[in-house]
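*Asks:* Right, I'll just put the structure down here and ask away after.
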Amino acid sequence: MSGESAKATGSRSSLARVLSALSDRAWLLLGLLVAVGAMLPTAGLSGFYLTVVVQMYIFAVLALSWDLVGGQTGYPSFGNMAFFGFGAYTTAILLKDWGVAFFPAVLAAGPVAVVFALVIGLAVLRLRGGYFAIATLGVLLVSVQLSRNFEFTGGASGKILFDIPPENTFYYVFLAILAVEAAVALYLTRTRFGYVLNAIRDDEGRATAMGVNTTYYKTAAWMLSALFTGWVGGAWGAFNTFVDPQTAYNLGWNVELITMALIGGAGTVAGPILGAFGLTLAIFVVDTVFPGWQLVALGLVIIATVLLLPDGIVGTLEERAAAMEYYEMGGEAAADSSAAAADETPGSSDPDVGDPEVSDS
Amino acid sequence: MALTQFVVNGLLVGALFAAVAVGFALIWGVVGIINLAHGELLMLGGYVTYWLVAFSGGSGGGSIWVALATVPVALAALYAVGYLLQRLLVTHVADADLFLTLLVTFGVSIVLQQLAIQAWSATPRSVGAGFADPSIVIAGVFIPKIKLIAFFGAIALTLLLWGYLRTTRRGRAIRAVAQNPEAARLVGIDVAHTRAVTFGLSAAIAGGTGSFVAMILSVQPQMGLAYTLKSFVIVVFGGLGSIPGALVGGLLLGSVEELTAGFVGSQWTLAVSFSLLVVLLLVKPSGLFGRSVEEGEG
Amino acid sequence: MSAETGSESEADAAESGVETSTPDSEIESSGDPILRVEELTKRFGGLTAVDHVNAEVREGEIVGLIGPNGSGKTTLFDCVAGRQHPDEGSVFLRGEAVTEWPEHRIAGAGLGRMFQHTRIYDGMSVLRNMLVSASEDRTVARLFRPPSDEARERAEELLKRVDLWGLREMRAGRMSFGQQKLLEFAMLLMSDPDLLLMDEPAGGINPSMIRRMLDYIREANEGGVTIFLIEHNMDVVMDVSDRVYVLAHGEKIAEGTPEDIQSNQRVVDAYLGRE
Amino acid sequence: MRTDTSRRKFLAATGLTGVTALTGMGTAAAQGNTITLGGSMSLSGDNADLGQLYRDSYELTIQRINEAGGVEAGDGTTYELEMILRDDETDASKSRAIYQELIDREGVDYLLGPYSSTVTLPASAVAARNQRPMVEGGGASPEIFSQGNEWIFGLLPTADKYPLSSIEMAMAQDSPPESAALLAESDTFSQSSAKGARQKLNEEGVNIAVDQTFPTETSDLSTLLGRVRSSNADILILAAHQKHAVILAKQMEAQNVDVDMAMATVGSLTSSFKDQTGANGDYVYGPSSWAINATFEDSVFGSTGEFVSAVESEYGYQPDYHNAAGAAVIQTFQRAFQQVSSLGPTNVRNAIRDIQFTTAYGNVAFGDNGVIDKDMLVYQWQPQAGGQAGGTTQTQNGTATNGTQNGTATQGGGGGAGGSGGASRKVIVWPESVQQRQPIYPMPNWSER
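Residue numbers (numbering that gives the first Met the number 0), protein chains in the order written: chain A, 0 to 360; chain B, 0 to 297; chain C, 0 to 274; chain D, 0 to 448.
The following block contains the structure:
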């Protein structure tokens, strides 16, 4: 939420007011979401429909985790499902081969994914933009092959789990992971740490020249993304009772979670969550109405998202709010009382730098 | 002895990888997008051949010449598909951030694959073209004739494209747009049309290669991803925009994969080629021959 | 000396009452200079961009660095700031050798850098650009806490000083080029640098903006910030600098007060290409 | 890149394709007391050809039962059988999602197993978790029955048994093999049968010259066959499914691999295999858990012979053990419904546990881990001196939604190989007790064909 609740004098555009009001009450909204979510199972949600809501939580965590790296820090990972797979395999192996109890096995999934993230990050975080994306895609594909060939991961047939807790336990585990991550993201994006991530996204060179050791911050964001992706992967592995290279490193989900973050609004906290809930429901509706065609629908949604809504719903709203605000205040630049005597007009704005909407006086 | 056999197997298939990679490199270099749907274009080419052979009296038409006759048809069909894809869709993304082009083309690949599944089911099919005695033997090395034809076919397609780019006016226009779209526009080149032609050519060579793949192996809707990813490795290895680089890269990748299959175990071939992709990006982003693949970061 | 960018603004700068007398802030030369460069050499293949340059900047000074295009000015700045590492020679900050330090460590040690092409965080609001530049991120505790009130107050004070307070909620990328340059300057001040490297602060902005920039530079200098600036606009350099170094083809060909430099024949020849 | 790792699989947990919902004909449906059997089957994807055989047998058996008046359950009412069978596109996760939805949304209590161990293994986990009995005739990996799962029953002998009888046959010949080559697909079933083959070969003292695993999506075995050729192995064992059996047969000639015996664990006996390989398929061996000329009693079809003619008249191809096993799956449920005092997943499961009856497929009885105890027979494609040609009947495979004939583009008479010769027929060559003909061992070299 970039709406800074600054002690702004003078009126603010209506949309900007709404947004900053929402962002002030973000904590309240999050609490509401968790409360309603916690209530659903007692209100009779079960069976197939419970799996639908669980799927929404899973994708929300995946999209939000991707956003920490892709949206906030400007490093668009194309291989986040690798951490999901590491988490799923960790829990499956701990449960099945080492006889570890359910909760410790799931809890271990996150840290294991973080260790992998650290090792991988040291290499791939040196690349940027499209090449970082390709490298992470390569990492994901290598992970698929390694899991298929190693004995301890059960090779191509994967791992089967039998004695696992009832579905309600899983429901609360997934809700908890989402709630914790949303809270962490909400808090971090308002601290210096969050600001520095955005600085790295906008101009890493400038951040370095301001004394920021960008490697630490990038790696931290990458590991945080891996932590939650690993956790949700671990919980999913047990919930699905079956972990094999194809599903644990699901190439389709890998793209779907990015689309959800983009549709919602990369670089915000609410965006990825709303995008995940919306798209998961849409896919289920398409699947029940014309089974078999949901994948074509997904492909079309991905294309439409990139072409029409690159900033996503929340992103576009914020953009609009900022633009409206400029009109109201930008017109008489620095209308504020402290304006210096000089007939202050914006400098001769260079055409290609200034945004066309900027009123050129 | 076994070594030469594996290397020969590798080269025979490697030529196909090279032809696909050349199309992939062309799009990356000229239009500036990474086309994750490139493998699907190959798949469509394969189905063109499969259906033409099936409909041309599948029972009688077992001969190789009928199959070869379908290659030009596949080229033309995929050229049209490529041209349309560029005009309708890719133009909006051409100068967007590289990452967004990855996403859009992935969406396209999902749609193409799913439509293929809905239309022809996901069952693998092979064109039964074959020879009476399928292999010729040179110094103890077995070379299936059908694969030899596919090898020369792929090399021919690659050289044709290279010649086209080198000699014809349109070819020069394409290379001009590759180096500097603005300058090209200044000297009167219709950049949008040129990019569409480039996409058409890239799709055509992928489709033609697909025909050969249908002849020597099999074709099914899900086959595309493997060829796209091999193209990645080859282009990153051979360097962007360099057709000789892609050719050498393709032959090398084919050999590396077959040698791995021969000496280590074929379940490791994919692990090797994908690790190659990551390592190459980190170590030598500019590849062996071509222009640096690395983004010109200020 | 006809400076190639001589414009009538030079005249009104004089009589518009902007005192141009060299600041008489006492330059105590005790102890090491804030910056010292010894035998600094940087080669790119055959070309020697910077050729055994020796220079220093003392506390509180404003030192100019001039020379025709391609004389190695920006490369010198890059070596000082750690963006590139010299082939020979060394760089000292307050007597401490920092030649091999990475860029972010040198910046963290109090060296601010303003680039030729303005570099700010265009995706974030103006206020956030300021807050992220605060120099308080040294301790981890501060890292995971919202920006402190002092930081907010300092940001407000600096933004007001450069008249950008009214635009604080706007995305920095939407501002005009001149406003972005001012924001960059304010951000650098926010990071409390001891030494500020400025690459053509007067480049690409209209005369009235240049006057404002000069005022801000002097204000910052009086506030204790030592400034080392590259500038092609001779009037600006001669007006604001205590001392000037002149580079040509990577070599230092002259140094001294603005008056010495203007009368130095070798400098004139260098500019007219008769070197 | 594993062809099955296609994007199509990625929405496995969410996407499911509905293909067939067959409701029983006949009158008994009037009062709506029907029992629904549900499941997923590979009706497209790599195992489509074999999945098809199960669907045909399921449909045919249910149709015959309903025509004969339905099932008189132990609780005194007559039920009509109904089936919902959805296409899982040879994808394990899609199959799991189908079973989960059938149980949750369609209220299905009795599950028909899918095809292939890779799909059956995870599907069996769903059956166990939801405590619904699953009877399957398509998954033979011992792993399915070693998880302590009390809700899964398999009609196929375990995978490790598949290659054993062929190896026994080879050892019993005049010049038994000294060295063998083993190529195994990377999936669950093939790996289990490869393990069985390794054990048997070591027991018999045969040196394993080549032992290689290849990824499921490989479509080119030239290099592996090159290794087999240079190792001069006497016999070649391919632990894989039909897709690779076809590739092996076609590429063996191209790589000039001459062995005394070439055997594929699955998929080398179907008509579609013979169509795609033509003469290259001659002399190839394949195991089967069912003898087409057996003379078992069958409560639904009468006898094995009548079952064979029923399938031939209904679908136009000669049935193999996949068909027979498919029919036995339905009859196992039928028999269990008859024996329970009141319907319900747990009662039916308990009834199946100690069921004992004969079908066209043979005697059906389950061990305490849920799998049938049966040995394999060995078939071989032998060029036909005369008599009824088996291999040329046109196969109907893979239902395409657009209805066009989309069988594999058959390369016509005798495939590419010159001179199609007489059509060949698959005959039982081992064990001697049920032998129709002597095995042609060793196989003629490619130059002699």
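Every residue, glycine too, gets a C-beta built ideally from N, C-alpha and C.
Could you tell me the distance, in whole angstroms, from the CA atom of Leu87 of chain B to the CA atom of Ser55 of chain B?
*Replies:* 33 Å
*Asks:* Determine, for Phe5 of chain B, whether the minimum Cβ-Cβ distance to residues of chain D falls below 8 Å.
*Replies:* yes
*Asks:* Going along the chain, which unbroken runs of the beta strand (DSSP E) with 3 or more residues stay wholly within the region 141-209 of chain C?
*Replies:* 194-198
*Asks:* Does the contact criterion of 3 or more C-beta pairs under 8 Å hold for the region 196-207 of chain A versus the region 64-72 of chain A?
*Replies:* yes
*Asks:* Check the DSSP bridge columns for Leu181 of chain D and list the partner residues they point to.
*Replies:* D:Asp210 and D:Ile236
*Asks:* With a CB to CB cut of under 8 Å and the five nearest residues on each side skipped, what residues in its chain are close to Pro271 of chain A?
*Replies:* Excluding residues up to 5 positions away in sequence, Ala59, Ala62, Leu63, Trp65, Asp66, Gly70, Met259, Ala260, Gly263, Gly264 and Ala265 lie with their Cβ nearer than 8 Å to the Cβ of Pro271 of chain A in the same chain.
*Asks:* Have a look at the DSSP bridge pairing and note the partners of Gly153 of chain D.
*Replies:* D:Glu135 and D:Val370
*Asks:* Under a three-way DSSP split, which group does Lys72 of chain C fall into?
*Replies:* helix
*Asks:* For Gly261 of chain B, does the three-state DSSP call read helix, strand or coil?
*Replies:* helix
*Asks:* Val92 of chain B: which of A:Thr315, A:Leu306, A:Met323 and A:Gly314 sits nearest, CA to CA?
*Replies:* A:Leu306
*Asks:* Are the C-beta atoms of Ser254 of chain B and some chain D residue less than 8 Å apart?
*Replies:* no
*Asks:* Any C-beta of chain B sitting closer than 8 Å to the C-beta of Val141 of chain A?
*Replies:* With 8 Å as the cut-off, Val141 of chain A counts as an interface residue toward chain B.
*Asks:* Could you compute how far the alpha carbon of Thr4 of chain C sits from the alpha carbon of Asn232 of chain C?
*Replies:* Below a pLDDT of 50, predicted positions are generally treated as unreliable, and Thr4 of chain C, at 38, falls in that range; no measurement from the model is reported.
*Asks:* Give the residues of chain D in contact with Ala322 of chain A, contact being defined as C-beta atoms less than 7 Å apart.
*Replies:* In chain order: nothing, as chain D lies at least about 38 Å away.
*Asks:* When you compare only the Cα positions, how much space is there between Thr228 of chain A and Val52 of chain A?
*Replies:* 18 Å
*Asks:* Looking at the strands, I want to know which residues DSSP matches up with Val56 of chain C.
*Replies:* C:Leu34
*Asks:* Taking a cut of 7 Å between CB atoms, which residues from the region 231-244 of chain B lie near chain D?
*Replies:* none
*Asks:* How is the alpha helix (DSSP H) around Thr90 of chain A delimited, first residue to last?
*Replies:* From DSSP, the alpha helix (DSSP H) with Thr90 of chain A extends over Met80 to Lys95.
*Asks:* Just curious, the beta strand (DSSP E) that Ser89 of chain C is in, first and last residue?
*Replies:* Glu87 to Leu92
*Asks:* Using the Cα positions of Ile137 of chain B and Asp219 of chain D, report the straight-line distance between them to the nearest angstrom.
*Replies:* 21 Å
*Asks:* From the DSSP secondary-structure annotation, give me the bridge partner or partners of Ile515 of chain D.
*Replies:* Residue coverage of chain D in this structure runs from 0 to 448, which leaves residue 515 of chain D outside it and unanswerable.
*Asks:* Closest by CA to Leu228 of chain B, which one among A:Tyr215, A:Ile133 and A:Gly277?
*Replies:* A:Ile133
*Asks:* Thr276 of chain D and Gln241 of chain D: beta carbons closer than 8 Å?
*Replies:* no
*Asks:* Leaving out five residues before and five after Val364 of chain A in sequence, what residues of the same chain have Cβ atoms less than 8 Å from its Cβ?
*Replies:* This structure leaves residue 364 of chain A out entirely; chain A is present only between 0 and 360.
*Asks:* For Ala48 of chain C, does the three-state DSSP call read helix, strand or coil?
*Replies:* strand
*Asks:* Could you give the uninterrupted runs of the alpha helix (DSSP H) lying entirely in the region 103-169 of chain B, keeping only those of 4 residues or more?
*Replies:* Every alpha helix (DSSP H) of 4 residues or more that sits fully in the region 103-169 of chain B is shown, in chain order, as 144-166.
*Asks:* Quick check on DSSP: helix, strand or coil for Lys283 of chain B?
*Replies:* Three-state DSSP puts Lys283 of chain B in coil, outside helix and strand.
*Asks:* Given this structure, state the Cα-to-Cα distance separating Pro71 of chain B from Gly207 of chain B, to the nearest angstrom.
*Replies:* 7 Å
*Asks:* Can you find at least 3 beta carbon pairs, one from the region 146-162 of chain A and one from the region 234-253 of chain A, that sit closer than 8 Å?
*Replies:* Contact between the region 146-162 of chain A and the region 234-253 of chain A is present, with at least three C-beta pairs closer than 8 Å.
*Asks:* Specify whether the region 175-191 of chain D and the region 149-156 of chain D touch according to this definition: at least 3 beta carbon pairs, one from each stretch, less than 8 Å apart.
*Replies:* no
*Asks:* State the Cα-Cα distance for the pair Glu256 of chain B and Thr217 of chain D, rounded to the nearest angstrom.
*Replies:* 12 Å
*Asks:* Does the Cβ of Trp252 of chain A have 16 or more other Cβ atoms within 10 Å, making it buried, or fewer, making it exposed?
*Replies:* buried
*Asks:* Take the Cβ of Gly147 of chain D as the centre, count every other Cβ of all protein chains shown within 10 Å, and call the residue buried at 16 or more, exposed below.
*Replies:* exposed
*Asks:* For the region 224-255 of chain D, which residues have a CB atom closer than 7 Å to at least one CB atom of chain B, in sequence order?
*Replies:* Gly225, Arg226, Ser229, Lys242, Glu252, Ala253, Gln254 and Asn255
*Asks:* For Tyr109 of chain D, count neighbouring Cβ atoms within 10 angstroms of its own Cβ and tell me buried if that reaches 16, exposed if not.
*Replies:* In this structure Tyr109 of chain D is buried. Its beta-carbon is surrounded by 16 or more other beta-carbon atoms within 10 angstroms.
*Asks:* Pull out every residue of the region 94-109 of chain D whose Cβ sits closer than 8 Å to any Cβ of chain A, in chain order.
*Replies:* For the region 94-109 of chain D, the beta-carbon criterion of a distance under 8 Å to any beta-carbon of chain A is satisfied by Arg95, Gln99, Glu100, Asp103 and Arg104.
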